[in-house]
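S.K.: Numbering (our numbering), first residue to last: 232 to 582.
I have a structure I would like to understand better, so I am pasting it below and will then ask my questions one at a time.
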């Protein structure tokens, strides 16, 4: 029977680096809450400086209940829940398998804390190059980005250490030295993954250029927006940190994920390599945030009309299609990968 152990007794540099990272993330999270986040300067209205708690209060007062609840849960409550959960996972004794399951749930939800960052990016773009409304980013945004990013990175490190602990507690697994070609391992289904990879890549590239939103408000210039156009706006206004977040989470990491998945499916690899590739794909999936961006876009188009009135453009359906294909691809790849591992285990036991 597996004993409860604590990760903090691990020898080496992680025993002090992890607590330091968690402390820095906690301080940055607190600063992200108390410092100004975004300033909106609208003609014929008082200038408003938002912090995260203030934005939740104002949105609730304006009857934007759904938006305020989402920001409250994902941007204020959950980051602290995650940090204190990581502290508990690191310092308290757990069974290794229970720790791994709990971390998996925490990691799946972690990226949704970026929701408010994408809302800020969209608001900055919508108010850019307008005479009657403008927005300014304040330091709270950068502390919040740092806190969420650092907590996600720390969580990945703890998950890696937990997996090693789980493997150490189990009997040594013997992997087959034979290379497995996923494309022909299950000839009736395996071809679906490469097809979905190419379809997802095409949809992702199209979603970057598809116009999904247009301003339709009197006294405002009717600009149209795509992800590519938003990136140009951020570059012109020198919002480099926000630009890096946009490019990495919506383009670089998703394309890396697709390229690695295609390689794993079309190149014969040993079973142990397949396991490692799956772990890397799991990490990359948690940093693919087109779905988080899509939710932010939904909030802006449905609930944000009190600030800037917008019209949905056909490109929005391209973005939704790219999100849907990404989820379908992930489910299919996981199912077939599990089937391959189960098949290999049966073959090992039979021999």
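Backbone N, C-alpha and C define an ideal beta-carbon position, used for all residues, glycine too.
All values reported here derive from a predicted model rather than from experimental measurement.
1) With DSSP run on the structure shown, which of helix, strand or coil describes residue 476?
2) Checking the sheet assignment: what are the DSSP bridge partners for residue 365?
3) Go ahead and pull the three-state DSSP assignment for residue 501.
4) For a quick check, are the C-beta atoms of residue 389 and residue 321 less than 9 Å apart?
5) Contact defined as beta carbons within less than 8 Å: I believe residue 372 pairs with residue 351. What is the distance between those atoms, to the nearest angstrom?
6) Just to confirm the assignment, what range does the beta strand (DSSP E) spanning residue 607 have?
7) Relative to the C-alpha of residue 335, which candidate in 306, 396, 386, 469 has its C-alpha closest?
8) Output needed for residue 357: all residues of its chain with C-beta closer than 6 Å, excluding positions within five of it in sequence on either side, in chain order.
9) What first and last residue would you give for the beta strand (DSSP E) that runs through residue 266?
10) How long is the line joining the alpha carbons of residue 502 and residue 510, rounded to whole angstroms?
11) Thinking C-beta only, is residue 286 closer than 9 Å to residue 268?
12) Find the nearest neighbour of residue 307 within the set 346, 323, 339, 332, judged by alpha-carbon distance.
13) In its own chain, which residues sit with a C-beta less than 7 Å from the C-beta of residue 544, not counting the 5 before and 5 after it?
14) Measure the Cβ-Cβ separation of residue 375 and residue 259 and say whether it is below 9 Å.
15) By DSSP's criteria, residue 456 is part of a beta bridge. Which residues make up the other side?
16) Closest to residue 547 by CA distance: which of 382, 438, 366 is it?
17) Hey, out of 512, 340, 542, whose CA is closest to residue 489's CA?
18) Would you say the beta carbon of residue 368 comes nearer than 8 Å to a heavy atom of the ligand MN?
19) Among the candidates 298, 277, 391, 310, whose CA atom is the shortest distance from the CA of residue 507?
20) Looking at the structure shown, is residue 542 part of a helix, part of a strand, or coil, going by DSSP?
21) On a CA-only basis, which of 531, 291, 505, 309 is nearest residue 601? Give me that one, please.
22) Considering only C-alpha positions, which residue in the set 496, 494, 484, 523 is nearest to residue 515?
23) Given a cut-off of 9 Å on the beta-carbon distance, is the pair residue 397 and residue 338 in contact?
24) By Cβ distance, which residues of its chain are closer than 8 Å to residue 522, with the 5 residues on each side in sequence left out?
25) Is DSSP giving residue 326 helix, strand or coil here?
26) Among residues of its own chain, excluding the 5 on either side of residue 310, which ones have a beta-carbon nearer than 7 Å to its beta-carbon?
27) Nearest chain B C-beta to residue 478 closer than 9 Å, yes or no?
28) According to DSSP, residue 236 sits in a beta bridge with which residue or residues?
29) Tell me the DSSP secondary structure of residue 313 in three-state form.
30) At the level of alpha carbons, what is the spacing between residue 529 and residue 495?
31) Who pairs with residue 410 in a beta bridge, going by DSSP?
32) Assign residue 358 to one of three DSSP states: helix, strand, or coil.
M.R.: Judging by the given coordinates:
1) Helix, per DSSP.
2) 272, per the DSSP bridge assignment.
3) Note: residue 501 maps to strand in three-state DSSP.
4) Contact: yes.
5) Taking 8 Å as the upper bound for CB-CB distance, residue 372 and residue 351 are in contact here, some 6 Å apart.
6) No answer is possible for residue 607: the residues shown for the chain start at 232 and end at 582.
7) Considering only alpha carbons, the answer is 386.
8) Around residue 357, the same chain offers 539 as residues with beta carbons nearer than 6 Å, after the five sequence neighbours per side are excluded.
9) Segment: none, residue 266 is in no beta strand (DSSP E) and carries neither H nor E.
10) Between residue 502 and residue 510, the alpha-carbon positions lie close to 13 Å from each other.
11) Annotated as proximal: residue 268 and residue 286, with beta-carbon spacing under 9 Å.
12) The candidate whose alpha carbon is nearest that of residue 307 is 346.
13) 442, 443, 444, 445, 455.
14) Cβ atoms of residue 375 and residue 259: closer than 9 Å.
15) Its beta-bridge partners are 444.
16) Comparing Cα positions, the closest option is 438.
17) Out of 512, 340, 542, 512 has the C-alpha closest to the C-alpha of residue 489.
18) The model on display carries no ligand, and the ligand MN is accordingly not part of it.
19) Residue 391 holds the alpha-carbon nearest to the alpha-carbon of residue 507 among 298, 277, 391, 310.
20) In this structure, residue 542 counts as strand in the three-state DSSP scheme.
21) A question about residue 601 goes unanswered here, because the residues of the chain that appear run from 232 up to 582.
22) That would be 484, whose Cα lies nearest to the Cα of residue 515.
23) Not closer than 9 Å, so no.
24) Excluding sequence neighbours, residue 522 sits near 554, 557, 558.
25) Residue 326 falls in the coil class under three-state DSSP.
26) Correct list, in chain order: 260, 344, 378, 379, 382.
27) In the structure shown, chain B cannot be found, because there is only a single protein chain.
28) In the DSSP secondary-structure assignment, residue 236 is bridged to 325.
29) In the three-state DSSP reduction, residue 313 falls in the helix class (H, G or I).
30) CA-CA distance, residue 529 to residue 495, rounds to 34 Å.
31) DSSP output for residue 410 lists 501 as bridge partner(s).
32) Coil at residue 358, not helix or strand.
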